[in-house]
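Q:
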Amino acid sequence: MTPQRLEPMPGDWQRALAVVAHPDDLEYGAAAAVAEWTDGGREVVYLLASRGEAGIDTLPPEECAPVREREQRASAAVVGVRTVEFLDHRDGVIEYGTGLRRDIAAAIRRHRPELVVTLNHRDTWGGVAWNTPDHRAVGRATLDAVADAGNRWIFPELGEQGLQPWDGVRWTAVAGSDRPTHAVDATAGLERSVRSLLEHRTYIEALTQEDPERYCRTFLTGMVEAAAEQFGGRPAVTFEVFAH
Ligand SMILES: [Zn+2]
Numbered sequence: 001m002t003p004q005r006l007e008p009m010p011g012d013w014q015r016a017l018a019v020v021a022h023p024d025d026l027e028y029g030a031a032a033a034v035a036e037w038t039d040g041g042r043e044v045v046y047l048l049a050s051r052g053e054a055g056i057d058t059l060p061p062e063e064c065a066p067v068r069e070r071e072q073r074a075s076a077a078v079v080g081v082r083t084v085e086f087l088d089h090r091d092g093v094i095e096y097g098t099g100l101r102r103d104i105a106a107a108i109r110r111h112r113p114e115l116v117v118t119l120n121h122r123d124t125w126g127g128v129a130w131n132t133p134d135h136r137a138v139g140r141a142t143l144d145a146v147a148d149a150g151n152r153w154i155f156p157e158l159g160e161q162g163l164q165p166w167d168g169v170r171w172t173a174v175a176g177s178d179r180p181t182h183a184v185d186a187t188a189g190l191e192r193s194v195r196s197l198l199e200h201r202t203y204i205e206a207l208t209q210e211d212p213e214r215y216c217r218t219f220l221t222g223m224v225e226a227a228a229e230q231f232g233g234r235p236a237v238t239f240e241v242f243a244h
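The opening position of the sequence shown corresponds to residue 1 in full-length UniProt numbering, with each subsequent residue numbered one higher.
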């Protein structure tokens, strides 16, 4: 079977907003693309629905949250992202609903991105592993919030807070999708994506006995190399892109 050929990601944009559930969600792949984008002078902002405070078994949430927030900010800085915001939904029990959509729509209105990035919103990872409820909720709410951000009547309270509608989002790109349509060459960004994931050191050391750097490198290299056969042999980060 000839693999489906992925298109290069659109490049004619200046601002992106990446919205995910947890610290580390963007570092398991998308960060190599983020590095490529910021190298090109584009601005990328991260919005995290939670602080990932339920992510480490040995650390109670109140101790875990500041550690993971710090690691996320360091990890974003490695790929040229200076603005990292947290919505403070509760890790593990993030609910899809109008509250989450409104929070994300508010961020879209504040930052006025042309590209929105999120993580796999579907039930499974490629039909193999079950996805988490937080990823499903945040991914779906992000895809929905793009339209909410542009409609002044859906959340009129945002307008009253001075957040004017923004209908300038042209694409939403879903990382980790099993139905990718586009890709970003990861050659330039791969090494920084490894260091970016490595910044989540507390999380990774609790997750695996493997040497953290080797763990990060093996995972990310394997991922971008697996995508190469659909992208002219070049290592790549893949996205499912929805145009708006
Ligand atoms: Zn996650």
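For glycine and all other residues, C-beta sits at the position ideal for the given N, C-alpha and C.
Small disclaimer: the values here were computed from a predicted structure and weren't measured.
Alpha carbon to alpha carbon, what distance is there between GLY159 and TYR215?
A: Answer to the nearest angstrom: the Cα atoms are 46 Å apart.
Q: Does any heavy atom of ligand 3 sit closer than 7 Å to the C-beta of ALA21?
A: For ligand 3, the structure offers nothing, since it holds only ligand 1.
Q: With burial defined as no fewer than 16 other Cβ atoms inside 10 Å of the residue's Cβ, what is the status of ASP144: buried or exposed?
A: By the neighbour-count rule (16 or more Cβ atoms within 10 Å), ASP144 is buried.
Q: Here's a check: name, in chain order, each residue in its chain whose Cβ is nearer than 6 Å to the Cβ of THR2, leaving out the five neighbours to either side.
A: Caution is warranted here: a pLDDT of 47 is assigned to THR2, below 50, making its placement in the model unreliable, and the coordinate value is therefore given only provisionally. The answer is none, since no qualifying residue turns up.
Q: Look up PHE239 in the DSSP assignment and give the residues it is bridged to.
A: Note: PHE239 sits in a beta bridge opposite ALA175, HIS182.
Q: Please name the residue or residues paired with TYR46 in a DSSP beta bridge.
A: BP columns for TYR46 point to ALA18, VAL84.
Q: Once the 5 residues before and after ARG136 are set aside, which same chain residues still bring their CB inside 6 Å of it?
A: Excluding residues within five positions, the ones whose Cβ falls inside 6 Å are HIS121.
Q: Cβ-heavy atom distance between THR132 and ligand 1 below 7 Å?
A: Checking every heavy atom of ligand 1 against the Cβ of THR132, one is found closer than 7 Å.
Q: Any chance the stretch 189-206 sits against the stretch 17-36, with 3 or more Cβ pairs inside 8 Å?
A: Yes, since at least three Cβ pairs between the stretch 189-206 and the stretch 17-36 fall closer than 8 Å, the two stretches touch.
Q: Do you know how far the Cα of THR202 is from the Cα of GLU213?
A: Distance between the alpha carbons of GLU213 and THR202: 13 Å.
Q: Under 7 Å Cβ to Cβ from THR124, same chain only, skipping five residues before and after it: list those, please.
A: Excluding residues within five positions, the ones whose Cβ falls inside 7 Å are TRP130, ASN131.
Q: With distance defined between alpha-carbon atoms, name the residue in HIS89, THR118, ALA228 nearest to THR187.
A: Checking every option, the nearest Cα to that of THR187 belongs to ALA228.
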